[in-house]
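In order, the protein sequences belong to chains A and W. Residues in the first sequence are numbered from 339 upward in steps of one, following the working numbering. Residues in the second sequence are numbered from 636 upward in steps of one, following the working numbering.
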Amino acid sequence: MFQWFIRLVPRGLRYGLKVISLLLAVSIIAFALVCASPIDPVQQYILGLGTAVSPERRAAIEEYWGVNDPPVERYLNWLGNLLRGDLGESALYRRPVAEIISQRFANSLALMICAWVLSGVIGFALGCVMGVFRDRWPDKLLKKICYLLSSVPTFWLGLVLLLVFAVTLGWFPVGFSSPIGVLEADVTFWQRLHHLALPAITLSIVSFPGIALHTRQKLVDVLSSEYVLFARARGEGTWTILRRHGLRNILLPALTLQFSSFAELFGGSVLAENVFSYPGLGSAVSAAGLNSDVPLLLGITVFSALFVCVGNTIANLLYGIVDPRIREVSQ
Amino acid sequence: MEAKNESLLEIHDLSVAFRMYDQVLGQKDLQVISDLHLTVRPGEVVAVAGSSGSGKSLLASAILGILPGNATVKGHLHYQGQELTPARQAALRGTEIALVPQSVAYLDPLMKIGAQADGHRRPKPTEKRRELFRRLSLPEKTGKLYPFQLSGGMARRVLVSTALISGARLIIADEPTPGMSLDQALEALKLFRQMADQGKGVVLITHDIDLAFAFADRVAVFYAGTTVETAPAADFRAGPEALRHPYSRALWRALPQNGFQPIDGFQPYAGALPGGCLFAPRCPYKTAQCEQSPPPVREIRGGEVRCYHGA
């Protein structure tokens, strides 16, 4: 066990190095893009103050902020602060970026976890049904539904659900993460869940078809494999085969896919949160973009890259832990 | 009932066709096995020998009833004198009739060997399996390994053990020797010989003709989806004079130790089969009759042959 652990150390270090260089690259590219864009952070800041500012005062602010320093120097400055945990202050919200991210992320995480679990379970179950009934009517029907749903834009679906279930039927609230006029501390778990339901359902409806189609394909491959032919030759029926060989062989790719789908999940949540006015990271990033809030925009960019990295790392680790063939190689 | 002369498996006029979809012609049937005859008695090894692409492996699937959905089967299959219906096939596979597949690819890559050899039936035959593993000189820890951790020889013995654990009386071994050294192949065939000596019937599907001649009791020569001749293995060891069908003789002469003489032409593809005798296009003795209708099965000198001129 100890030996095994020792041997994993260099691999872990290499992987860590890769992740760090990736995050650095993301931060450099994001910073360069913001520099190249016509956004004027000082102008935004002054607008935010709400009072007129004299040209001298403006020059003083520019001097204080180092706006006229060379870009590399500004980047290193920002990076240094980032490493100390200081992400700057949001021009839009007038609060530290780190605080906004942590608060918004908690909301987003609840939304994404719900959507992630929902789409994973529904997608996997439907994929299994399609694989077992391959080319028969349940498969054909579900496949058409999957293609249809995966071509539906998230925001449009969100609007339709909002119209039907929130406006017409009144089953769900129209927006936000908690009821209006209720103190943050008084919001119950059920109220949160109630507000979360529609955006989570929207998000999972657009992402489960992909999972279902992947699972179906994988199960079709497994069911046409030689080991399933042999299982049939030994008298195993369809359900026994699904239980003994099918699930075992498709669960791992399904889980990996699920963990590496964090990027799409995050992308989808930006749209869903905007439609439902849900105060998560996704609506914060579009607000930051539209209002030229540079510190917040950069902070969320780096944070979301980290988030996607974590998902991919978990997917990688899972393969190593669960698949005996890969476990053997690493030992 | 006299068990000795009772045949275990009897196949009459078996034909297997696949329904294919062609963009131009719509659907068409692809005949892969035509009018095949085969009999297996308890205690004997019957080798089904033929070149690649002659439909040998499909024969195993047809007997077990595990052909793909687009296959149609015609003809008669009898197991222990009773018609082998799809329902009976489903009941018998894995209990009375067992398949020994060709390679480790037929084992679930993510399931431990012990669980796989035990199979899905309850109660688990774990004790019996352990004893069989010992008899097949598989190390104790084999049960805890995954298929990819087995050597070729170990995998072979594990696959054989699945047939033995089931207690089946009819064993169908599909190409058990390719990729093996001569020693391994001999050892594998010895296992099948032992099974037959214990009173089981063994169908040995192979293109390793030499080994089939050496280990089988009878050899069925397979050509373009049918058996052209079934004869005692001794006849094949004796030489072309003892054989009945021109293809069997050609096959014998094509072996390296017998002159290495090939004959012209190639085996017809499924979907482009000749109307009469399947071997007629390549046969030196063919007459007008051969091209008109397929020859019936005739009994000559203790063997069966499908030829108008065979002697």
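By construction, the Cβ of each residue, glycine as well, lies at the ideal position given by its N, Cα and C atoms.
Does any residue of chain W bring its CB to less than 7 Å from the CB of N415 of chain A?
Not one chain W Cβ lies under 7 Å of N415 of chain A.
What are the start and end residues of the alpha helix (DSSP H) that includes V648 of chain A?
V632 to V660 is the extent of the alpha helix (DSSP H) around V648 of chain A.
What first and last residue would you give for the alpha helix (DSSP H) that runs through T797 of chain W?
First-last of the alpha helix (DSSP H) with T797 of chain W: G787 to S801.
Report the CB separation of A725 of chain W from T841 of chain W in whole angstroms; it is logged as a contact under 8 Å.
With 8 Å as the limit, A725 of chain W and T841 of chain W do not qualify as a contact, their Cβ atoms being about 27 Å apart.
Roughly how many angstroms lie between the CA atoms of E646 of chain W and G458 of chain A, to the nearest whole one?
Note on identity: in this sequence residue 646 of chain W is Ile, with Glu being the wrong assignment. Roughly 49 Å between the two C-alpha positions.
For a test of the three-state rule: what should DSSP assign to F653 of chain W, helix, strand or coil?
Correct three-state label for F653 of chain W: strand.
So which residues on chain W does E522 of chain A lean against when the C-beta distance must stay under 8 Å?
Within chain W, no residue comes near E522 of chain A; the closest Cβ sits about 48 Å away, beyond 8 Å.
Counting only Cβ pairs nearer than 7 Å, list the residues of chain W close to E574 of chain A.
The contacting residues are H755.
Roughly how many angstroms separate the alpha carbons of E864 of chain W and K776 of chain W, rounded to a whole number?
Straight-line Cα distance between these residues: approximately 45 Å.
For the pair the region 458-467 of chain A and the region 565-574 of chain A, tell me if three or more CB-CB distances fall below 8 Å.
Because the criterion of three Cβ pairs below 8 Å is not met, the region 458-467 of chain A and the region 565-574 of chain A do not touch.
CA-CA distance, M636 of chain W and K663 of chain W?
Bear in mind that a pLDDT of 38 at M636 of chain W, under 50, signals an unreliable position, so the number given afterwards is only what the model happens to contain. Computed Cα separation, rounded: 45 Å.
Taking just the CA atoms, how far does A798 of chain W sit from V708 of chain W?
About 25 Å.
Report the residues of the region 711-741 of chain W with a CB closer than 9 Å to any CB of chain A, ordered along the chain.
Residues A725, A726, L727, R728, G729, T730, I732, A733, L734, P736, Q737, S738, A740 and Y741.
Could you say which of A:I543, A:R433, A:E437 and A:H552 lies nearest to I588 of chain A if we only look at CA atoms?
Closest option to I588 of chain A, Cα to Cα, is A:H552.
Anything in chain W within Cβ reach of R582 of chain A, meaning under 7 Å, just list it in chain order.
Residues of chain W passing the Cβ test: H755.
Mapping DSSP to helix, strand and coil, what is T492 of chain A?
Residue state, collapsed to three classes: helix.
From what residue to what residue does the beta strand (DSSP E) around D809 of chain W run?
Counting along the chain, the beta strand (DSSP E) containing D809 of chain W begins and ends at L805 to D809.
Looking only at its chain, what residues have a beta carbon closer than 8 Å to the beta carbon of N612 of chain A, apart from the 5 residues adjacent to it on each side?
The residues are F493, G620, S621 and S624.
Which value, in whole angstroms, describes the spacing of the CA atoms of F901 of chain W and L480 of chain A?
Spanning the two alpha carbons is a distance of roughly 46 Å.
Could you confirm whether any beta carbon from chain A is found closer than 7 Å to the beta carbon of I806 of chain W?
Answer no: the Cβ-Cβ gap between I806 of chain W and chain A never drops below 7 Å.
Would R433 of chain A pass as an interface residue toward chain W - the criterion being a Cβ-Cβ separation below 7 Å?
No - not a single Cβ of chain W is within 7 Å of the one on R433 of chain A.
Just how far apart, CA to CA, sit Y314 of chain A and L634 of chain A?
In this structure chain A extends from 339 to 669, so residue 314 of chain A is not present and cannot be described.
Of all the residues that make up the region 610-635 of chain A, which are near chain W by a beta-carbon distance shorter than 7 Å?
So the list is empty, because no residue satisfies the distance condition.
How about D743 of chain W: is its C-beta nearer than 7 Å to some C-beta of chain A?
Yes, D743 of chain W counts as interfacial toward chain A.
State yes or no: is the C-beta of R872 of chain W within less than 7 Å of the C-beta of G945 of chain W?
The answer is no: Cβ separation not under 7 Å.
Determine the DSSP secondary structure at I732 of chain W, reduced to helix, strand or coil.
Looking at I732 of chain W - three-state DSSP - the assignment turns out to be strand.
Going by alpha carbons, who is nearest to H532 of chain A out of A:F514, A:L464 and A:I543?
Ranking the options by Cα distance to H532 of chain A, first place goes to A:F514.
Is it buried or exposed, C942 of chain W, if we count other Cβ atoms within 10 angstroms and call 16 or more buried?
Counting Cβ neighbours within 10 Å, C942 of chain W comes out buried, since at least 16 surround it.
Mind checking which residues open and close the beta strand (DSSP E) that includes E939 of chain W?
Per DSSP, E939 of chain W belongs to the beta strand (DSSP E) from G938 to V940.
Assign H711 of chain W to one of two classes, buried (16 or more other C-beta atoms within 10 Å of its C-beta) or exposed (fewer than that).
Exposed: under 16 other Cβ atoms inside 10 Å.
Taking DSSP as the reference, what is the three-state secondary structure of E564 of chain A?
If DSSP states are grouped into helix, strand and coil, E564 of chain A belongs with the helices.
Of all the CB atoms in chain W, is at least one closer than 7 Å to the CB of E334 of chain A?
Nothing in the structure corresponds to residue 334 of chain A, since chain A is present only between 339 and 669.
Helix, strand or coil for F503 of chain A per DSSP?
DSSP places F503 of chain A in helix when its eight states are reduced to three.
Give me the residue from W:N705, W:G938 and W:P782 with the minimum Cα distance to Y672 of chain A.
Any answer about residue 672 of chain A is impossible in this case: the structure gives chain A only from 339 up to 669.
Looking at the strands, I want to know which residues DSSP matches up with Y413 of chain A.
DSSP, once it has assigned bridges, lists no residue as partnering Y413 of chain A.
Beta-carbon of L799 of chain W versus every beta-carbon of chain A: anything under 7 Å?
Judged by the 7 Å Cβ criterion, L799 of chain W is not in contact with chain A.
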